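Below: the structure, in structure tokens.
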Amino acid sequence: MSQPLDDAALDQVFRTARSYNGFLDKPVSEAQLHSIWELMKMGPTSANQMPARLVWCTSDEAKAKLAACASGTNGPKILAAPVSVIIGMDLDFHEQLPWLFPHADAKSWFAGNDALREASAMRNSTLQGAYFIVAARMLGLDTGPMSGFNNDAVDEAFFAGTRIKSNFISTLGYGDPATIFARSPRPDFATFNTLA
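Counting along the sequence shown from 1, when you hit position 2 you're at 992 in this note's numbering, and nothing is skipped either side.
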């Protein structure tokens, strides 16, 4: 039976974890990227769809290409981070369902229904993106998720000729405490919750 995690773990993943605007000059290894995937892939998605398709921009060339698609101050953040990650979504994820979800003919649920596939791909790739953030934190890394970029430009630069579309971007590394500001408000339970 599972047991509650201790306070140190809860702090690292949620309570004291932050989204960083910059990172220390400390590399992130390919092995660490694999470790993030090995954790995040275990998070649930509807019918095990796993529509997220990640591009890990580790080279200067890839980061420059991605930064050119970003708006405002996000470009410099992408360039300076050890790794920048595109969380994309495969609109044809249903083609993988025969092996990812062999319990039923789940592919037929989505065949010929573009609107359903797009909604499901967005919902479940967003879940996977959240798992990415949590997995990175669990492994001692920090992230800087962002949505300030041109989706069409990212899709053309990284997913041309595919049915993969960008969802959001995140930088990844060891966060520099000097790049964050005071935490924004976090409301108590009663503010946004209802017991029915």
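Every residue, glycine too, gets a C-beta built ideally from N, C-alpha and C.
These numbers come from a predicted model, not from an experiment.
Whole-Å CB distance - residue i paired with residue j, under 8 angstroms assumed
i: I1077; j: A1042; result: 6 angstroms
i: L1131; j: Y1164; result: 7 angstroms
i: D1145; j: K1155; result: 6 angstroms
Cβ pair residue i, residue j closer than 8 angstroms
i: Q1118; j: F1083; result: no
i: L1162; j: A1071; result: yes
i: S1036; j: N1103; result: no
i: G1012; j: S1061; result: no
i: I1123; j: T1116; result: no
i: M1079; j: N1183; result: no
i: E1108; j: L1090; result: no
i: P1135; j: S1009; result: yes
Range of the contiguous alpha helix (DSSP H) that encloses residue i
i: M1112; result: 1104 to 1128
i: L995; result: Element bounds for L995: n/a, residue is neither H nor E.
i: K1097; result: 1097 to 1100
i: H1024; result: 1020 to 1030
Same chain, Cβ closer than 7 angstroms to residue i, five either side skipped, listed in chain order
i: Y1121; result: M1030, G1033
i: A1150; result: none
i: C1059; result: F1139, N1140, A1143, V1144, A1147
Own chain partners of residue i with C-beta closer than 6 angstroms, once the 5 adjacent residues on each side are dropped
i: A1007; result: R1127
i: L1087; result: A1096, K1097
i: V1045; result: I1076, F1148
i: S1074; result: C1047, K1053, L1056, I1068, T1161
i: L1014; result: Y1164, D1166
i: L1023; result: W1046
Identity of the residues DSSP links to residue i by a beta bridge
i: W1046; result: V1075
i: D1080; result: I1154
Endpoints, the beta strand (DSSP E) within which residue i is located
i: A1133; result: Here the sequence assigns Thr to residue 1133, which means Ala is not the residue at that position. From DSSP, the beta strand (DSSP E) with T1133 extends over 1132 to 1136.
i: F1158; result: 1154 to 1163
Same chain, Cβ closer than 8 angstroms to residue i, five either side skipped, listed in chain order
i: R1173; result: R1008
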